[in-house]
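Residue numbers (the numbering used here): 33 to 267.
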């Protein structure tokens, strides 16, 4: 009974977030269909994910890679994990977080060797300047994006992503910086900005992100509740 109640809460929360996404888009004069909502299901049981799936949602963000949904890989991806990721998740739709040339090259080779269709990727930019955050420095964003676009034929450069400061104090500056990076990348590569993703905004700031141009928001705890990590066993 308790588990069912939690799942029902998640579905209600999903519907609330969908409504808030639509309202935020309308406030900024945008079409809600231009915004992708990624339900970040990290650490959650398959039963809970399935409940949200059955409610009609299809985009989920993971770095633990369970089951048969169209997955977005989020979080830091190590180069030595690329092959197992791509081989183990044939329905992986997007990798959010390419932050260096080495990782881009590993992904490109793995996609080719496995005979997969070209894989969509986002370049991750460290807009907050925090050492604890992954992502290329804004000053190196154009060169990394150019490498993915021109030197990685098995990857599809689909946009940029960022994670702002945890306390959201610099959120507007982070979002403006990512938007500026998009303008520079698209100018350099001759790409249309309106077709180039901006993945920014999470549970605490996704509405503001939409109002500032985000096309992809990653919402976890607002839908699923706080993450539950396994407790380490004491020796």
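Cβ coordinates follow ideal geometry from the N, Cα and C atoms, glycine included.
- Residue 250 is positioned such that its CB atom lies closer than 7 Å to that of residue 70.
- The residues 133 and 136, in chain order, have a CB closer than 8 Å to that of residue 179 in the same chain once the five nearest residues on each side in sequence are set aside.
- At least 7 Å separates the beta-carbon of residue 146 from that of residue 231.
- By the criterion of at least three beta-carbon pairs nearer than 8 Å, the region 239–249 is in contact with the region 204–220.
- Residue range 151–156 is occupied by the beta strand (DSSP E) that includes residue 156.
- For residue 67, the three-state secondary structure derived from DSSP is coil.
- The continuous alpha helix (DSSP H) containing residue 78 extends over residues 78–86.
- Counting along the chain, residue 138 sits inside the alpha helix (DSSP H) bounded by residues 133–146.
- Between residue 126 and residue 49, the alpha-carbon positions lie close to 22 Å from each other.
- The straight-line gap separating the alpha-carbon atoms of residue 253 and residue 45 is approximately 10 Å.
- Per DSSP, the beta-bridge partners of residue 104 are 93 and 126.
- Around the beta-carbon of residue 78, fewer than 16 other beta-carbon atoms lie within 10 Å, marking it exposed.
- Around the beta carbon of residue 110, a 10 Å sphere encloses fewer than 16 other beta carbons of the protein chains shown; the residue is thus reported as exposed.
- In the three-state scheme derived from DSSP, where H, G and I count as helix and E and B as strand, residue 163 is classed as coil.
- DSSP places residue 51 within a helical segment (H, G or I) once states are collapsed to three.
- The closest CA to that of residue 102, considering only 81, 112, 168 and 183, is found on 81.
- At the C-beta level, residue 87 and residue 43 come within 7 Å of one another.
- Per the coordinates, the alpha-carbon of residue 159 lies some 24 Å from the alpha-carbon of residue 92.
- Taking 7 Å as the cut-off, the Cβ atoms of residue 181 and residue 189 count as close.
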